[in-house]
Amino acid sequence: MSKGITSRAEDYSQWYNELVIKADLAENSAVRGCMVIKPYGYAIWERMQAILDKRFKETGHSNAYFPLFIPKSFFSKEAAHVEGFATECAVVTHYRLKNDGTGKIVVDEDAKLEEELIVRPTSETIIWNTYRGWIESYRDLPILVNQWANVVRWEMRTRLFLRTAEFLWQEGHTAHATSEEAIAETERMLDVYAEFAENILAVPVVRGRKTENERFAGALDTYCIEALMQDGKALQAGTSHFLGQNFAKAFDVKFTSKEGKLEHVWATSWGVSTRLMGALIMAHSDDQGLVLPPKLAPIQVVIVPIFKTEEEKAQIDTFVNQLTDELKIKNISVKYDDRDTQRPGFKFAEWELKGVPVRVAVGARDMQNGTVELARRDTQTKETVAQEGLAENIEQLLQVIQENIYQKALDFRASHFTEVNSYDEFKEVLEGKGGFISCHWDGTTETEKRVKEETKATIRCIPLDAKEEEGVCIFTGKPSSRRVLFAKAY
RNA sequence: CGGGGUGUAGCGUAGCCCGGUAUCGCGCCACAUUUGGGAUGUGGAGGUCGUAGGUUCGAAUCCUGCCACCCCGACCA
93 MSKGITSRAE DYSQWYNELV IKADLAENSA VRGCMVIKPY GYAIWERMQA
143 ILDKRFKETG HSNAYFPLFI PKSFFSKEAA HVEGFATECA VVTHYRLKND
193 GTGKIVVDED AKLEEELIVR PTSETIIWNT YRGWIESYRD LPILVNQWAN
243 VVRWEMRTRL FLRTAEFLWQ EGHTAHATSE EAIAETERML DVYAEFAENI
293 LAVPVVRGRK TENERFAGAL DTYCIEALMQ DGKALQAGTS HFLGQNFAKA
343 FDVKFTSKEG KLEHVWATSW GVSTRLMGAL IMAHSDDQGL VLPPKLAPIQ
393 VVIVPIFKTE EEKAQIDTFV NQLTDELKIK NISVKYDDRD TQRPGFKFAE
443 WELKGVPVRV AVGARDMQNG TVELARRDTQ TKETVAQEGL AENIEQLLQV
493 IQENIYQKAL DFRASHFTEV NSYDEFKEVL EGKGGFISCH WDGTTETEKR
543 VKEETKATIR CIPLDAKEEE GVCIFTGKPS SRRVLFAKAY
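Under the working numbering, the letters of the first sequence match residues 93 to 582, in that order.
Okay, structure coming up:
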């Protein structure tokens with residue numbers, strides 16, 4: 093397997109191969125950019141699901157499931173929403189196939205649907221159509237529901253992990269009695285995402301709000317977390333939207349308030365997707381492959397035995413079984429790779445490629461000395477340590493690795509975060525080291541679009557922690573009261 | 001949909017200009033020697049040369065149509 097510099101997303105393809113492959117759908121030219129998630133990749137997604145789902149439950153949410161198909165008429169009820177998604181919808185028009193007489197299978201034109209069904213690109217419309225029947229009184233609120241699902245967006249260009257035609261995600265959809273409560277929910281879920289990204293994925297993120305131009309179709313306000321990849325490009329890692337009363341009005345969802353008045357319900361929606369796996373790869377990987385943070389890794393410790401005879405193997409097995417038990421008590425996931433079809437060196441390389449944080453190698457020599465070889469993936473260092481107290485040692489090491497991976501990503505971001513005060517400086521940084529560029533902007537969509545046309549950089553967000561600061565727009569020279577973050581993005 | 005490029009074994013490729021039935025590497029299978037960083041040797045299996053047609057005694061190679069895929073742009077979690 094070739095090894096290369098991982099400076100561009102395309103170069104990550106060899107690590108992607110451990111997790112996903114492009115779906116082979118060549119018979120139908122229009123369907124491309126779908127992915128097959130391999131077992132190891134799916135195990136990572138399951139870890140994400142488990143951790144996020146727990147947080148959702150802790151914050152009062154419940155899971156539910158809504159249909160894959162959305163009648164076209166639902167979809168068109170919210171004007172901005174339909175405009176935003178209309179150009180990327182898969183549409184079901186028929187419900188039956190038939191044999192055309194020559195043995196060829198064709199669509200049965202007699203089985204044309206009265207009303208076309210849209211394969212959900214997101215579920216706001218069908219969920220709000222359902223909520224109408226659930227809500228009558230303020231006593232029915234809030235509704236705090238999440239759905240784990242797949243969605244389809246027929247993008248003109250796809251890219252494995254970052255923009256596949258079909259992807260897995262979770263979408264939270266909540267209904268509230270007041271604007272304040274809905275905004276608080278929007279912000280709370282953004283915090284859940286940010287905390288997850290930083291503490292679990294070890295990917296530092298900027299919390300911010302989107303400009304009007306980059307806002308979700310149908311939202312009054314879009315909050316986001318923005319991460320920085322190792323090639324200097326930004327990646328939107330999660331969004332949380334304050335939808336106002338737009339969907340309640342479109343789907344006629346009203347409730348009677350404490351005061352006895354009939355009012356429209358306030359809404360939020362928020363989601364993260366399998367794109368997070370792309371973020372994980374591009375934030376931490378090196379030339380040896382994936383680097384998984386211990387809190388997320390499906391396998392935290394891999395043990396590789398080195399032996400020549402059956403007697404040696406049996407002796408090592410006894411030791412490993414005991415170690416495995418001790419680690420499992422500490423909730424550490426272990427893989428004992430005692431395959432006799434591969435040699436140790438091959439296994440070392442393979443588990444490094446898969447990003448397993450800690451490797452224990454133990455052979456006859458170690459068994460004599462009462463030692464093992466302990467190797468860490470993040471620093472690629474190894475040392476010989478005592479078998480005694482090994483489980484505790486590993487437990488601590490996993491924490492150290494988690495922190496180190498985060499710190500490394502944080503340092504990288506700090507060195508790729510530049511304040512600029514002129515357009516020339518802006519372009520120079522953008523073409524040079526890249527990363528986030530903090531500068532003044534006049535607040536108009538027109539300026540934003542012109543900067544994008546000229547430089548391909550977009551406003552990633554207006555950071556939540558941006559200070560009030562008088563300045564002038566680097567592009568137009570007009571006054572500005574705070575800095576925004578620009579970057580080239582995926 | 002515009003601009004560029006590519007289709008040969010599971011993967012990556014040579015051959016094409018100048019026509020004679022396909023090269024090499026990885027991987028796979030068997031055996032032997034190996035096993036503390038991606039083993040070595042010997043033997044073996046595996047190919048509608050994207051597809052349809054044309055030229056020719058003969059096409060991976062020349063000609064025409066079609067199809068697919070990749071990269072760039074519009075779009076985007």
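For each residue, glycine too, the CB sits at the ideal point set by N, CA and C. Keep in mind the model is a prediction, meaning the values are calculated, not measured.
Would DSSP call residue i helix, strand or coil?
i    : result
L254 : coil
Q328 : strand
R574 : coil
H356 : strand
E263 : strand
Y187 : coil
E228 : coil
M321 : coil
F585 : Outside the modelled stretch of the chain, which goes from 93 to 582, sits residue 585, for which no answer is possible.
S271 : helix
H376 : helix
W362 : strand
M248 : coil
Y428 : strand
I398 : strand
R280 : helix
I97  : Legend: pLDDT at I97 = 31, less than 50; position of this residue unreliable, no value from coordinates given.
Rounded to a whole number of angstroms, what is the C-alpha to C-alpha distance between residue i and residue j?
i    : j    : result
L236 : N338 : 18 Å
E150 : I219 : 22 Å
E475 : V412 : 18 Å
W261 : E208 : 24 Å
S573 : G563 : 6 Å
S530 : D557 : 12 Å
G176 : A311 : 11 Å
E538 : P571 : 15 Å
K500 : F509 : 14 Å
G455 : E480 : 16 Å
E495 : T331 : 25 Å
A156 : A135 : 22 Å
H532 : E561 : 9 Å
K548 : H356 : 40 Å
T473 : A441 : 14 Å
A406 : T416 : 15 Å
P163 : S215 : 11 Å
Considering just the uninterrupted stretch of the alpha helix (DSSP H) at residue i, what are its terminal residues?
i    : result
F167 : K164 to F167
F177 : A171 to F177
Q407 : E402 to I421
T537 : T537 to T547
E138 : P131 to E150
F339 : N338 to A342
Locate the beta strand (DSSP E) running through residue i, then write down its first and last residues.
i    : result
I486 : Not the beta strand (DSSP E): I486 falls in the alpha helix (DSSP H), residues L482 to S507.
K519 : Run containing K519: none in the beta strand (DSSP E); it sits in the alpha helix (DSSP H), Y515 to E523.
G437 : No beta strand (DSSP E) contains G437, which is instead part of the alpha helix (DSSP H) from P436 to L445.
Q239 : I235 to V244
R301 : V297 to R301
R451 : V450 to G455
L384 : Run containing L384: none; DSSP gives neither H nor E here.
L205 : K204 to V211
S215 : Looking at the DSSP string, S215 is not in any beta strand (DSSP E), and its letter there is neither H nor E.
P390 : Premise fails: P390 is in no beta strand (DSSP E) and is neither H nor E.
K351 : For the record, residue 351 in the displayed sequence is Glu; it is not Lys. Per DSSP, E351 belongs to no beta strand (DSSP E) and is neither H nor E.
A289 : Taken as a continuous stretch (DSSP letters only), A289 belongs to no beta strand (DSSP E), as it is neither H nor E.
E475 : T473 to A478
H307 : For the record, residue 307 in the displayed sequence is Arg; it is not His. Note, R307: premise wrong, no beta strand (DSSP E); not H, not E.
Which whole-angstrom value describes the C-beta separation of residue i and residue j, a residue pair presumed to lie in contact below a C-beta threshold of 8 Å?
i    : j    : result
W246 : C181 : 6 Å
T550 : E306 : 7 Å
F334 : T256 : With 8 Å as the limit, F334 and T256 do not qualify as a contact, their Cβ atoms being about 27 Å apart.
F253 : V112 : 7 Å
V345 : R224 : 5 Å
V512 : I566 : 7 Å
A294 : I486 : Not confirmed; about 18 Å, so no contact.
R212 : L160 : 6 Å
P436 : V396 : 6 Å
Regarding residue i and the ligand NAD, is the C-beta to nearest heavy atom distance less than 7 Å?
i    : result
N238 : By its list of ligands, the structure shown contains no ligand whatsoever, and the ligand NAD lies outside what it can speak to.
- Query: Using 8 Å as the Cβ pair cut-off and three pairs as the minimum, do the region 282 to 302 and the region 156 to 171 touch?
  - Reply: These segments do not touch.
- Stretch-stretch touch, CB-based, cutoff 8 Å, three pairs: the region 379 to 399 with the region 480 to 491: yes
- Task: Report yes or no: do three or more beta-carbon pairs, one from the region 379 to 387 and one from the region 449 to 469, lie closer than 8 Å?
- Result: Judged by Cβ distances under 8 Å, the region 379 to 387 makes contact with the region 449 to 469, as three or more pairs qualify.
- Contact the region 262 to 273 vs the region 183 to 193: 3+ CB pairs below 8 Å: no
- Message: With three or more beta-carbon pairs closer than 8 Å as the criterion, would you say the region 520 to 534 touches the region 316 to 334?
- Response: yes
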